[in-house]
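*Asks:* Numbering (the working numbering), first residue to last: 184 to 363. Cβ coordinates follow ideal geometry from the N, Cα and C atoms, glycine included.
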């Protein structure tokens with residue numbers, strides 16, 4: 184019985200060595216191969232205002248006791264928007280409309296005024312975009328690049344020549360962020 188187990192062990196060892204040698208010979212003739220998987224993805228250029236929309240700015244009584252525009256009710260009044268853009272070429276512009284009596288009185292009575300002009304300025308990423316309501320159309324685009332954070336909007340340079348007509352005045356400031 185000892186001879187059989189020794190013989191069996193010898194045959195097993197021999198077969199194992201032979202199988203290992205054949206595997207090594209096969210590996211030497213057929214080396215491993217590789218391939219590469221390239222992965223790509225994109226992120227689209229985007230801008231977004233976050234938070235409340237629209238935002239209201241209440242100026243209160245616009246006229247002084249003698250009926251002229253109280254510029255302190257408009258000048259330096261501000262609201263803060265929050266937004267972001269993820270592209271270096273992002274732009275911002277401002278378009279403001281006059282504070283106008285709603286509904287307007289036609290024709291305008293002599294010596295009275297029913298519109299208030301002003302300048303609106305928005306600041307994003309340290310860059311100012313402005314619009315003056317006395318000039319038609321939006322202000323010039325400015326590059327704001329990649330940013331996230333506050334966008335303060337401030338009114339200045341209020342003007343109206345004449346006595347303000349009683350009633351409700353409304354205007355808008357539209358701040359537009361465009362991904363670039």
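#1: Tell whether a beta-carbon distance below 8 Å holds between residue 278 and residue 337.
#2: Would you check if there are 3 or more beta carbon pairs closer than 8 Å linking the stretch 286-296 to the stretch 333-349?
#3: Smallest Cα separation from residue 263: which of 234, 313, 285 and 276?
#4: In three-state terms, what does DSSP make of residue 255?
#5: Just to confirm my understanding: we take residue 200, look at its own chain, exclude 5 residues before and 5 after, and list those with CB closer than 7 Å. What are they?
#6: So what does DSSP say about residue 272, is it helix, strand or coil?
#7: Give me the Cβ distance between residue 261 and residue 321, rounded to the nearest whole Å; I'm assuming they're in contact under 8 Å.
#8: Can you look up residue 363 in the DSSP assignment and give me helix, strand or coil?
#9: So, residue 229 versus residue 362, is the Cβ gap smaller than 8 Å?
#10: Is there contact here, the stretch 215-222 with the stretch 304-322, by at least three beta-carbon pairs under 8 Å?
#11: State the DSSP-derived secondary structure class of residue 322, mapped to helix, strand or coil.
#12: Note down the Cα distance separating residue 236 from residue 217, rounded to an integer number of angstroms.
#13: Quick check on residue 234: does DSSP put it in helix, strand or coil?
#14: Considering only DSSP beta bridges, list what residue 289 is partnered with.
#15: Can the beta-carbon of residue 359 be found closer than 8 Å to that of residue 276?
#16: Taking DSSP as the reference, what is the three-state secondary structure of residue 328?
#17: Note down, in chain order, each residue of its chain lying with its Cβ closer than 6 Å to the Cβ of residue 310, except the 5 sequence neighbours on either side.
#18: Whose C-alpha, out of 248, 352 and 329, is nearest the C-alpha of residue 266?
*Replies:* Let's see:
#1: No.
#2: Touching, per the Cβ criterion.
#3: Measuring C-alpha to C-alpha distances from residue 263 to each of 234, 313, 285 and 276 identifies 234 as the nearest.
#4: Helix.
#5: Any reading at residue 200 must be qualified, since the residue scores a pLDDT of 46, below 50, and its modelled position is unreliable; no value is offered.
#6: Annotated three-state conformation of residue 272 is coil, per DSSP.
#7: Taking 8 Å as the upper bound for CB-CB distance, residue 261 and residue 321 are not in contact here, some 19 Å apart.
#8: If DSSP states are grouped into helix, strand and coil, residue 363 belongs with coil.
#9: In contact: residue 229 and residue 362 (Cβ atoms closer than 8 Å).
#10: Not touching, per the Cβ criterion.
#11: Residue state, collapsed to three classes: coil.
#12: The straight-line gap from Cα to Cα measures roughly 55 Å.
#13: Correct three-state label for residue 234: coil.
#14: According to DSSP, which records beta bridges pairwise, residue 289 is partnered with nothing at all.
#15: Yes, these two residues count as a Cβ contact at 8 Å.
#16: Three-state DSSP puts residue 328 in coil, outside helix and strand.
#17: Contacts found: 325 and 327.
#18: Measuring from the Cα of residue 266, the nearest candidate turns out to be 329.
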